[in-house]
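In our numbering, each number is its position in the sequence shown, counted from 1, plus 18.
Before any comments, here is the structure.
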Amino acid sequence: MMKYALVILCLLPAMCLCQKKPAPKPVASMLSSYDVSGKDARVVKLPHLISEVSGIVMTEDGRLLCHDDERGVVYQIDYTNGEISKSFSLGNFGVKEDFEDIAVAGGLVYLAASNGVLFEFPEAENGRSVEFKMYKTFLTSRNDVEGLCFDAPTKSLLLLCKESPGKSYHNQRAIYAFSLRTKSLATTPRFLIPLKQVTQTSDKHEFKPSAIARHPKSGTYFVVAAHGSTIIELSADGAVVVQQSINRKVNPHPEGIAFTPDLTLILCNDGQGERGTLSMYAPKK
């Protein structure tokens, strides 16, 4: 009897190893709380001065900053009516560059250019100009940086590439991390988005991302694709949680994304020669 008991005891560890580990709990989707595919959005028109709005960001105290895509000028917008509250520039005359997105972190403002250059500067009063610092990265216009957001847990900026992810990452879209501690860009992407996964339901089977933002409640990442008219949600480890189509009549060319203090989602649209717009979506209750 003792012999059989010993055999059973010896087999128990192996039996335990064969048991399947419990599957990880699925990440709760915050994107599902917003109906960006529908028509029920509050739309505010922007002044002609910023018809080519290219990026938006919400400050820690709940103010919306934006910029256009050709000059280093930052505007504070009252998102309830679209009016300009103030504006300030990089340098005395504004810097000419292909600016694509904006972020705020640690009391500083950051602008990303499509060629991978980051501009860092403090916020200024209305009509003032500010000195700035430039950080060149190994990204180029071939990568076409389109999105920028602050990632508080890692104290880094996330740079979203619209085009080439890098030589080793074919058929994917890449998101790189720029450390605010070392002021340097990680050599490998923080996240990779498989095109095969996200183009199946996107418009014209395209996915060329144009903006990124971290949801303040869930910590997930919302990635907008103007070419593809879609928005995806990424988990903290970069997995695609859910995807939703963007209504093209409401958002013909979404270039930026931000969240208000009450978690309303804002998309900004390049006016393409007309007035740009802000489209606002309150979360479902």
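Yeah, the Cβ is synthetic: ideal placement off N, Cα and C, and Gly gets one too.
To the nearest angstrom, how far is the alpha carbon of residue i from that of residue j?
i      : j      : result
Ser186 : Cys286 : 32 Å
Ser236 : His66  : 35 Å
Glu101 : His188 : 43 Å
His85  : Glu149 : 17 Å
Ser103 : Asp280 : 21 Å
Asp221 : Val127 : 33 Å
Leu64  : Ser247 : 21 Å
Lys302 : Gly80  : 21 Å
Ala300 : Phe240 : 15 Å
Ala257 : Val242 : 15 Å
What do you reckon, are the CB atoms on residue i and residue j nearer than 9 Å?
i      : j      : result
Phe117 : Phe137 : yes
Ile95  : Leu166 : no
Gln261 : Ile275 : no
Leu178 : Ala229 : yes
Val113 : Gly145 : no
Glu164 : Lys154 : no
Val259 : Ser47  : yes
At what residues does the alpha helix (DSSP H) containing residue i begin and finish?
i      : result
Gln94  : Premise fails: Gln94 lies in the beta strand (DSSP E), Val91 to Asp96, not in any alpha helix (DSSP H).
Gln215 : Leu213 to Val216
Identify the continuous beta strand (DSSP E) that holds residue i and give its terminal residues.
i      : result
Lys226 : Lys226 to Arg232
Leu157 : From DSSP, Leu157 is part of no beta strand (DSSP E); its letter is neither H nor E.
Ala276 : Pro272 to Phe277
Leu177 : Ser174 to Cys179
His245 : Tyr239 to His245
Ala142 : Unbroken run through Ala142: none, as it is neither H nor E.
His223 : Counting along the chain, His223 falls outside any beta strand (DSSP E), and DSSP gives it neither H nor E.
Lys63  : Arg60 to Lys63
His85  : Leu82 to Asp86
Met73  : Rather than Met, the amino acid found at residue 73 in this sequence is Gly. Here the beta strand (DSSP E) through Gly73 covers Val71 to Met76.
Report back the beta-carbon spacing between residue i and residue j to the nearest angstrom; my notes put them in contact at under 8 Å.
i     : j      : result
Glu70 : Asp87  : 5 Å
Ser55 : Ile264 : 7 Å
Counting Cβ pairs closer than 8 Å, one from the stretch 261-272 and one from the stretch 190-205, do we hit at least three?
-> no
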